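Reviewing the structure listed below.
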Amino acid sequence: MGNAFKKIRYQVYILESELLQSYRYKKLINASLYLVTSSTKNLLKTVESALQGGLTLVQYRKKDVDDIIRLEMAQKLSELCHKYDALFIVNDRADIALEVNADGVHLGQQDIPISLARRILGPNKIIGRSTTNPQEMAKAIAEKADYIGVGPVYATPTKPDKQAAGLDYVKYAAQHSPIPWFAIGGIDEHNVTELIASGATQVALVRAIMEADNPQKRTAKLLKKLKG
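And the structure:
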């Protein structure tokens, strides 16, 4: 009886895990807008305002603080995003993502391998990878990334050392990527229409929302454009 119960409990656990993985992936596919945070005095207030505008995907990016501070803010953001039924991703740090029950991690080209992040986080979390060209895209797909960033499309102070990939890479991704991809880099309410015309259906941005006077209205406006 004991062994039978354990077997049933394990099967229920597997089913719950698979359902959670499917739920996260469906939300990822349906997320037209992806907010990547930047330094601001009112980070939580800004993110919550964007969530109230319909945002469903947030990445916490903060490289210039101690781990304790980063962990504390990641925990607060994780709770905030889940309150609004939004996905929460941590930049770079799979260990912090695991600790705060984030929905996944986003990795740059110089970060840990996707396979290692998968071992840390398990099979049900989302793992994304930044890419700047078709070769990096192909590698990320082969390594089983759940999604990729495509860019920077335009020059951006967020990535001052990166040359803009331009719309050609966006068009390439639209034709060749079999997994979700987000155009990123210098995107705002003025050039998003150009991206849509080039095949983008999902975009990630920073300043357009983080520096907006009214993040809620800006988010709603961008979502309206992206969803047609």
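Using my numbering, the first residue of the sequence shown is number 205, and each one after it goes up by one. Here a beta-carbon is modelled for each residue, glycine too, at the ideal position from N, C-alpha and C. Quantities reported herein were computed from a predicted structural model and do not represent experimental measurements.
- Linking D392 to D270 through their CA atoms gives a straight-line distance of about 30 Å.
- Out of A368, Y358, S242, A424, the CA that lies nearest to the CA of D268 is found in S242.
- Here S402 is not bridged, per DSSP, to any residue.
- The stretch 366-377 makes no contact with the stretch 406-423; the number of CB pairs closer than 8 Å stays below 3.
- With fewer than 16 other beta carbons inside 10 angstroms of its own, L320 counts as exposed.
- Note that the C-beta distance between K428 and G257 is not below 8 Å.
- Cβ-Cβ separation between V262 and A290: approximately 6 Å, consistent with a contact (criterion under 8 Å).
- Comparing C-alpha distances from Y358 to each of V374, L255, A349 shows the shortest one belongs to V374.
- A distance below 8 Å separates the beta carbons of L325 and A301.
- The beta carbon of Q313 lies closer than 8 Å to those of R333, S334, T335, T336, E340 in the same chain, with the five residues before and after it left out.
- Where H286 is concerned, the enclosing alpha helix (DSSP H) starts and stops at 271-287.
- Judged by DSSP in its simplified three-state form, V407 adopts strand.
- A straight line joining the alpha-carbon of K287 with that of S236 spans about 19 Å.
- Leaving aside the five residues that flank V240 on each side, the residues in its chain whose CB is nearer than 6 Å to its CB run, in chain order, Q263, R265, A408, V410.
- I233 has no beta-bridge partner at all, per DSSP.
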